[in-house]
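J.:
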Amino acid sequence: MERLWGLLQRAQQLSPRSSQTVYQRVEGPQKGHLEEEEEDGEETLAHFCPMELKGPEPLGSRPRQPNLIPWAAAGRRAAPYLVLTALLIFTGAFLLGYVAFRGSCQTCGDSVLVVSEDVNYEPDLDFHRGTLYWSDLQAMFLQFLGEGRLEDTIRQTSLRERVAGSAGMAALTQDIRAALSRQKLDHVWTDTHYVGLQFPDPAHPNTLHWVDEAGKVGEQLPLEDPDVYCPYSAIGNVTGELVYAHYGRPEDLQDLRARGVDPAGRLLLVRVGVISFAQKESSSHLPPQVTNAQDFGAQGVLIYPEPADFSQDPHKPSLSSQQAVYGHVHLGTGDPYTPGFPSFNQTQFPPVASSGLPSIPAQPITADIASRLLRKLKGPVAPQEWQGSLLGSPYHLGPGPGLRLAVNNHRTSTPINNIFGCIEGRSEPGFRPRRSLLFISWDGGDFGSVGSTEWLEGYLSVLHLKAVVYVSLDNAVLGDDKFHAKTSPLLTSLIESVLKQVDSPNHSGQTLYEQVVFTNPSWDAEVIRPLPMDSSAYSFTAFVGVPAVEFSFVEDDQAYPFLHTKEDTYENLHKVLQGRLPAVAQAVAQLAGQLLIRLSHDRLLPLDFGRYGDVVLRHIGNLNEFSGDLKARGLTLQWVYSARGDYIRAAEKLRQEIYSSEERDERLTRMYNVRIMRVEFYFLSQYVSPADSPFRHIFMGRGDHTLGALLDHLRLLRSNSSGTPGATSSAVFQESRFRRQLALLTWTLQGAANALSGDVWNIDNNF
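Residues 1465 to 2231 (our numbering) make up the sequence shown, in order.
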């Protein structure tokens, strides 16, 4: 840091001086001018481009917050998240070095612009001295993000216990806060929440027993590790015959029933993979869900890691057969005991619980125990694609002998601590980026992005006014072969640009972009993925309306075997990457750093607001499939098509306005940036309650107001059955429900078009 600080001081001495000033809160006759700007919604000085750091956070009081909007990172106990500590610290150091250079960046755009109190002000002739190019930035990255330094930081962080609420987590929190403070950020503080977390009861551990035909409880099956459990599982004892249900997806359970094996009233044995413990949609490599089993009438769920689902490379480490996989089963994010409200200690809320909490118990088990259970199953042979590698004989579906599962987890109020560090941004000399940068480490990530969601709930009403983008490094390093970006469409073009600036960590002489297009000319089909619910980035977009991205390096589409297990250590991650961990971590830092520089420095926000027109167009192909069925009923989808057309026209109009505007008009630039930064927010349905439907985004959210729900409903037009057996959703097509869904979708999309156009007095809605 001494070298960095010297660099800052030297840059200050060499930088050209200027008499430029900036809007600020002042007393006296000029005070009203700024207030008018704020009332008009044109003040965009404090925007936040968060970079996510996972990890524990310290206990402590929260100092006075600066006038900023923070952005988050999820605290978890897995080794990949340890990388985030190093990336946060060193990227922060780099960015401090960067902001010491005032001038223009050839690729970033113009130099930092300012607004003078003198309306006739013209910039100095010296305004463009000290030009900084991307090659300079890359050299600085290499200087401050050395592989060895990253590796040392990751290794040291891995030595701490990382369970929310633990003494080890509190100590690690203090370490992270101290590390951020050493970077001489403008502000470093801690935000504490008191949340309801569920832990095993040491006095009454969870158990699994055989049950004979007479219903007598027999031999106990060892659960290996009493600390591995499913947070937010239902509590209680259940008994039933065992059935093998593959991944527990709806199609798996339907297939099971079609083969004469009814999951109702039974315990299901399901595999880790494809979908999360709780969720219905594909999201990560985590195990199957409890929600679907509950919908099909199952009594409980046992979740095991199937060896066939992980890499079979003998040169790489694999998960022990005595190790179970941890994962929460809440279908949602945040504290499920204060749904829709922040969990501040000084606040009182009615005793309510999230509708996403399951009503049946769930328990992780090891592959060894799963093997013993599978050997007892009779009935039909499982389909070929359901077969695994635990037995020498084919897997059967069951039913098998009876089992008794007892889950005794208990809820406790636990303090968690989110850590914040901020570089303030101002449009003035003084070596600042245009927009503020907020670095955050979230706590409670293992329980469903609890730290980030509770913070979001506390500041829901203002975030869309201040926040530009959220960058998550939640699952940044899980391998080194493939690169994925789970993101909002608004960031796709910017990601493409940044990929062309970063060298591949494992293909010498190639950029990451060149590495991708070498195997797939359609780079976005290879890289871009939807945001999963189990990412902290998801809530920023689907709940708050802020575009977000989560970067991940993965192992050739093979799941990282140790995620959410006690074997997820620095040593195992290093072995999986075969010594490439420091190089991959450095590539992630460069990706995140260059993305943040663009977002914090560019005169106009580099968000592609026209992309959502393409998104709607892709979905219209699916809608068109049902146009004939709807026409026969006197219904039409024309409203959606018209709203999409209005959005495309509004985006093109804004693009032309920007193209023909005066580049040096700072007030106009800020007005355009306000419209651009709120595009994602426009796609949150204003016609549903955030408390009842927190994920209001019509494309990425959850609920009847979404495009996905409309498509699912339309598919019932072609259904010859009574719908999904055992499921709780509507079984038949309902015209009244369709009309409501169409109205919710259409007017949200039309509202986005109207807002993007900017001229509310001259809009013609042709409906």
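C-beta: ideal position from N, C-alpha, C; glycine also.
In this text the structure is predicted, and so the values were computed from the model without any measurement.
What's the call for G1908, buried or exposed, on a 16-neighbour Cβ count within 10 Å?
T.: Buried, since its Cβ has 16 or more Cβ neighbours within 10 Å.
J.: Considering only the beta carbon of each residue, do S1784 and E2031 sit closer than 8 Å?
T.: Yes, these two residues count as a Cβ contact at 8 Å.
J.: Would you mind stating whether P2011 and S1952 have Cβ atoms separated by less than 8 Å?
T.: Contact flag set, yes.
J.: When DSSP labels each residue in this structure, what does I1824 get in the three-state scheme?
T.: I1824: coil per DSSP, three-state reduction.
J.: So within the stretch 1606 to 1639, which uninterrupted alpha helix (DSSP H) runs reach at least 4 residues, ignoring any that extend past its ends?
T.: DSSP runs (the alpha helix (DSSP H)) wholly in the stretch 1606 to 1639: 1611 to 1621.
J.: List the residues that DSSP assigns as beta-bridge partners of G1866.
T.: V1675, E1705, per the DSSP bridge assignment.
J.: Taking DSSP as the reference, what is the three-state secondary structure of Y1487?
T.: Confidence at Y1487 is low in this model, with a pLDDT of 28, below 50, so the placement of that residue is unreliable and no value is reported for it.
J.: What residues in its chain sit with their C-beta under 6 Å from that of Q1662, if we drop five residues either side in the sequence?
T.: The answer, listed in chain order, is P1695, Y1696, N1873, R1875.
J.: According to DSSP, is V1765 helix, strand or coil?
T.: Note: V1765 maps to strand in three-state DSSP.
J.: Keeping to the same chain, check which residues put their C-beta closer than 8 Å to that of V1675; ignore five residues upstream and five downstream.
T.: Cβ within range, chain order: V1681, G1682, T1703, P1865, G1866, L1867, R1868.
J.: Please confirm if the stretch 2001 to 2021 is in contact with the stretch 1938 to 1948, defined as three or more CB-CB distances below 8 Å between the two stretches.
T.: They touch, by the three-pair rule.
J.: Determine, using beta carbons only, whether V2018 and K1780 come nearer to each other than 8 Å.
T.: No, they are not a contact pair.
J.: Along the beta strand (DSSP E) that carries F1947, what are the first and last residues, could you check?
T.: Where F1947 is concerned, the enclosing beta strand (DSSP E) stretches over 1946 to 1951.
J.: Express the C-alpha separation of H2169 and Q2205 in angstroms, rounding to a whole number.
T.: Approximately 6 Å between the Cα atoms of the pair.
J.: W1653 bridges to which residues according to DSSP?
T.: F1884.
J.: Checking 8 Å against the spacing of the C-beta atoms, do R2108 and L2081 come in under that value?
T.: For R2108 and L2081, yes; Cβs fall inside 8 Å.
J.: Please report the residue range of the alpha helix (DSSP H) in which Q1758 lies.
T.: It spans 1754 to 1759 - the alpha helix (DSSP H) in which Q1758 sits, taken as one unbroken run.
J.: Using only CA atoms, which one of V1754, V1736, E1715, G1737 lies nearest to R1730?
T.: Comparing Cα positions, the closest option is V1754.
J.: Would you mind reading off the limits of the alpha helix (DSSP H) that contains Y2076?
T.: Its alpha helix (DSSP H) spans residues 2075 to 2088.
J.: Could you pull the DSSP bridge partners for K1879 from this structure?
T.: Note that residue 1879 corresponds to Pro in the displayed sequence, not to Lys. Note: P1879 sits in a beta bridge opposite Y1658.
J.: Could you spell out where the alpha helix (DSSP H) holding Y2034 opens and where it closes?
T.: 2034 to 2040 is the span of the alpha helix (DSSP H), which, as asked, contains Y2034.
J.: Helix, strand or coil: how does DSSP classify I2162 here?
T.: Note: I2162 maps to coil in three-state DSSP.
J.: Once you ignore the five residues that flank G2222 on each side, which residues in its own chain have a CB closer than 6 Å to its CB?
T.: For G2222, where only same-chain residues beyond five positions count, the Cβ hits under 6 Å are R2139.
J.: Could you give the DSSP three-state label for G1729: helix, strand or coil?
T.: G1729: coil per DSSP, three-state reduction.
J.: Going along the chain, which residues of its own chain have a beta-carbon closer than 6 Å to the beta-carbon of Y2136, five neighbours each way excluded?
T.: Same-chain partners within the cutoff: I2122.
J.: Beta carbon of Y2111, beta carbon of A2217: below 8 Å?
T.: Their beta carbons are under 8 Å apart, which means Y2111 touches A2217 by this criterion.
J.: Where does Q2102 land, buried or exposed, given buried means 16+ other C-beta within 10 angstroms?
T.: Per the 10 Å Cβ criterion, exposed.
J.: Which term fits P1664, buried or exposed, when burial requires 16 or more other beta carbons within 10 angstroms of its beta carbon?
T.: Under this definition P1664 is a buried residue.
J.: For G1862, tell me which candidate among R1646, L1720, S2003, T1830 has the shortest Cα-Cα distance.
T.: Among R1646, L1720, S2003, T1830, the Cα nearest to that of G1862 is on L1720.
J.: Please work out which residues of its chain come closer than 7 Å, Cβ to Cβ, to V1991, disregarding the five sequence neighbours upstream and downstream, and give them in chain order.
T.: So the qualifying residues of the chain are F1947, H1948, A1949, V1980.
J.: Tell me which residue opens and which closes the beta strand (DSSP E) that S1936 is part of.
T.: Element bounds for S1936: 1934 to 1936.
J.: Just tell me which of W1906, A1788, L2175 has its CA closest to the CA of V1627.
T.: Selected option, being the one with the closest Cα: W1906.
J.: Let me know if T1983 comes out buried or exposed under the rule of 16 or more other beta-carbons within 10 Å of its beta-carbon.
T.: With fewer than 16 Cβ atoms within 10 Å of its Cβ, T1983 is classed as exposed.
J.: Please classify I1631: is it buried, with 16 or more other beta-carbons within 10 angstroms of its beta-carbon, or exposed?
T.: The amino acid at residue 1631 is misidentified as Ile; the sequence shows Ala. So A1631 counts as exposed.
J.: Would you please state the rounded distance, in angstroms, between the beta carbons of T1975 and Y1790? I believe it to be under 8 Å.
T.: About 37 Å separates the two Cβ atoms, so there is no contact after all.
J.: Taking the DSSP output, what are the residues bridged to T1975?
T.: T1975 pairs with D1967.
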